[in-house]
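318 is the number of the first residue of the sequence shown in the working numbering; add one for each residue after it.
C-beta: ideal position from N, C-alpha, C; glycine also.
What you are looking at is a predicted structure, and each value in this text was computed from that prediction instead of being measured.
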Amino acid sequence: MQPAEMITQTPKEGWQSSRLPKVSIVILNWNSYEVTRDCLLSLQKLDYSNLEIVLVDNGSVDSSWERLATEFPEVRLLRNKDNLGFTGGNNAAIRDVLLRGTDYLLLLNNDTIVAETFLRELIQVAEKAPEIGLLNPKILYYEPSDRIWYAGGEYRLGWSFAKHVGAGQRENGKYSETREVSFTTGCALLIRAEAFAKVGLLDDSFFFGFEDLDWCVRARKAGYKAFYVPSALVWHRDGYVTKKNFGISAKDFYHFRNSVLLARKHLRAWHWPMFMVSMARHLIYRTAGYLIRIEPHRVRALYAGLWSGCKIPVASTTKVSQFSTDHTKIR
318 MQPAEMITQT
328 PKEGWQSSRL
338 PKVSIVILNW
348 NSYEVTRDCL
358 LSLQKLDYSN
368 LEIVLVDNGS
378 VDSSWERLAT
388 EFPEVRLLRN
398 KDNLGFTGGN
408 NAAIRDVLLR
418 GTDYLLLLNN
428 DTIVAETFLR
438 ELIQVAEKAP
448 EIGLLNPKIL
458 YYEPSDRIWY
468 AGGEYRLGWS
478 FAKHVGAGQR
488 ENGKYSETRE
498 VSFTTGCALL
508 IRAEAFAKVG
518 LLDDSFFFGF
528 EDLDWCVRAR
538 KAGYKAFYVP
548 SALVWHRDGY
558 VTKKNFGISA
568 KDFYHFRNSV
578 LLARKHLRAW
588 HWPMFMVSMA
598 RHLIYRTAGY
608 LIRIEPHRVR
618 ALYAGLWSGC
628 KIPVASTTKV
638 SQFSTDHTKI
648 R
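So, in structure tokens, the structure goes:
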């Protein structure tokens with residue numbers, strides 16, 4: 318069953334358009350016209366009226382951004398001169414949006430398809446309490462579309478990687494309870510706009526991967542709660558853009574690099590023994606698997622990432638007021 322066949326749901330009663338909080342949806346494009354187009358088309362079906370879409374072209378070298386600009390004239394388009402990664406690309410849009418004013422920002426991967434009521438479902442939960450600052454929908458794989466990619470997240474200081482609850486399991490209604498979580502993924506992340514004043518922007522040091530976990534840790538330290546909302550649905554082409562433009566070994570590099578970087582940034586002395594054991598376990602497992610499959614380039618990426626994570630400087634939190642916009646506003 319394809320996601321397009323699954324997104325029709327009955328809207329909730331009692332919401333007036335004039336009273337809806339404003340939501341700014343931020344999407345990055347990098348040489349990926351087809352999937353970005355599919356994502357934007359699905360957003361056109363949303364039953365939520367008070368929103369804007371900000372598309373950031375992250376240094377594409379093809380004609381994708383021009384084609385998208387022509388096809389979707391209602392979208393606000395920013396263009397970075399270079400690929401600034403997930404962090405820098407999103408930060409450009411976050412800064413732009415906050416300067417113009419909004420109530421919520423939704424960071425949304427361009428390789429997703431959304432259900433038409435998913436944003437309404439997220440906002441209904443967010444509006445229940447001001448301390449609810451981060452929210453994720455239930456995220457299913459695009460194919461097969463009945464398999465779970467994310468049904469809530471778990472993370473404890475000392476773990477080398479966060480956990481996606483229900484990952485790979487068939488969707489059968491098991492994870493259908495709205496609940497507080499300890500990790501929110503950046504794949505489809507709704508954030509209360511005012512939280513950026515306390516927490517700051519995404520940390521550019523991460524570039525790609527773990528920036529969502531870092532921001533979640535910082536937000537929870539600042540007093541915000543993170544929630545998983547299963548009634549909101551998204552389908553995800555996991556890793557499509559990374560594999561197409563970066564190569565799979567880049568994901569290995571950044572995951573291990575940024576795991577170490579996150580640990581250096583947040584862990585206390587008593588967390589390190591657990592982290593070292595957890596990291597060693599993952600490293601041995603990945604190394605053995607890649608060697609068995611005769612993928613030495615991926616083994617090299619693991620250890621290069623590990624070394625890079627040990628030596629890269631740990632940056633201080635980027636405040637909104639400190640961020641300098643470095644993009645061209647197309648419209």
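According to DSSP, is residue i part of a helix, a strand, or is it coil?
| i | result |
| --- | --- |
| ILE601 | helix |
| PHE573 | helix |
| VAL392 | coil |
| TRP347 | coil |
| PRO547 | strand |
| LYS339 | coil |
| GLU497 | strand |
| ARG509 | strand |
| ARG487 | strand |
| PRO328 | For PRO328, the predicted structure reports a pLDDT of 37, less than 50, and the residue's modelled location is therefore unreliable. A value from the coordinates is still provided. Residue state, collapsed to three classes: coil. |
| GLN319 | Note that GLN319 scores a pLDDT of 42, beneath 50, so its modelled location is shaky; the value from the coordinates is reported in the next line. Coil at GLN319, not helix or strand. |
What's the gap between the Cα of residue i and the Cα of residue j?
| i | j | result |
| --- | --- | --- |
| LEU608 | TRP624 | 20 angstroms |
| LEU579 | TYR472 | 12 angstroms |
| PRO630 | HIS588 | 20 angstroms |
| GLU388 | LEU452 | 30 angstroms |
| THR419 | LYS339 | 5 angstroms |
| ARG417 | ASN375 | 21 angstroms |
| PHE403 | PRO590 | 30 angstroms |
| TRP476 | ASN367 | 39 angstroms |
| ALA440 | THR501 | It is Ile, not Ala, that sits at residue 440 in the sequence shown. In a straight line, the C-alpha of ILE440 is about 16 angstroms away from that of THR501. |
| LYS398 | GLU351 | 21 angstroms |
| ILE465 | LYS568 | 21 angstroms |
| LYS304 | GLY469 | Outside the shown range of the chain (318 to 648) lies residue 304, about which nothing can therefore be said. |
| MET323 | ILE508 | Because the pLDDT at MET323 is just 32, under 50, the model does not fix this residue reliably, and the value given afterwards should be weighed accordingly. Using only the alpha carbons, I get a separation of about 26 angstroms. |
| VAL343 | LEU619 | 30 angstroms |
| VAL378 | GLY405 | 17 angstroms |
| VAL516 | GLU444 | 19 angstroms |
| PHE478 | TYR602 | 14 angstroms |
| ALA446 | ILE611 | 51 angstroms |
| LEU415 | ALA512 | 11 angstroms |
| LYS514 | ALA539 | Per the sequence shown, the amino acid found at residue 514 is Ala instead of Lys. If I take the Cα positions, the gap works out to 11 angstroms. |
| GLY606 | ARG354 | 36 angstroms |
| GLU391 | ARG384 | 13 angstroms |
| LYS329 | SER548 | In this prediction, LYS329 scores a pLDDT of 42, lower than 50, which makes its location untrustworthy; the coordinate-derived value is nonetheless stated afterwards. Each residue's alpha carbon lies about 12 angstroms from the other. |
| GLU494 | LEU423 | 21 angstroms |
| PHE527 | ARG393 | 27 angstroms |
| GLY490 | LYS628 | 44 angstroms |
| THR325 | SER566 | Because THR325 carries a pLDDT of 30, less than 50, the predicted location of this residue cannot be relied on, and no value is offered for it. |
| MET596 | ALA586 | 16 angstroms |
| GLY564 | PRO461 | 22 angstroms |
| LYS455 | VAL482 | 10 angstroms |
| VAL498 | CYS533 | 10 angstroms |
| LEU600 | LEU360 | 39 angstroms |
| ALA386 | ALA632 | 35 angstroms |
| ASP413 | ARG598 | 42 angstroms |
| ASP428 | PHE523 | 20 angstroms |
Whole-angstrom Cβ separation of residue i and residue j, contact assumed at under 8 angstroms?
| i | j | result |
| --- | --- | --- |
| SER349 | GLU369 | Not confirmed; about 21 angstroms, so no contact. |
| ALA510 | TYR421 | 6 angstroms |
| HIS614 | ASN426 | Not confirmed; about 25 angstroms, so no contact. |
| GLY622 | PHE573 | 4 angstroms |
| ASN346 | SER380 | ASN346 to SER380, Cβ: 11 angstroms. No contact. |
| ILE430 | CYS356 | 7 angstroms |
| SER576 | GLY503 | Not really, about 15 angstroms apart at Cβ, beyond 8 angstroms. |
| VAL373 | LEU395 | 5 angstroms |
Are the beta-carbon atoms of residue i and residue j separated by less than 8 angstroms?
| i | j | result |
| --- | --- | --- |
| LYS582 | ASP521 | no |
| ARG537 | ALA543 | yes |
| THR604 | VAL594 | no |
| ARG496 | ASP463 | no |
| ALA410 | VAL442 | no |
| THR467 | PHE525 | In the sequence as presented, Thr is not what sits at residue 467; that position holds Tyr. The answer is no: Cβ separation not under 8 angstroms. |
| ALA505 | VAL551 | yes |
| ASP555 | TYR492 | no |
| GLU433 | LYS362 | yes |
| LEU474 | LEU584 | yes |
| LEU436 | TYR541 | no |
| LEU519 | ASN400 | no |
Ordered list of beta strand (DSSP E) runs contained in the stretch 349-403, each at least 3 residues
368-375 and 393-397
Ignoring anything shorter than 3 residues, give me the beta strand (DSSP E) runs that lie fully in the stretch 401-482, in order along the chain.
421-425, 429-431, 449-458 and 465-467
Could you tell me which whole alpha helix (DSSP H) segments of length 4 or greater appear in the stretch 608-633?
613-628
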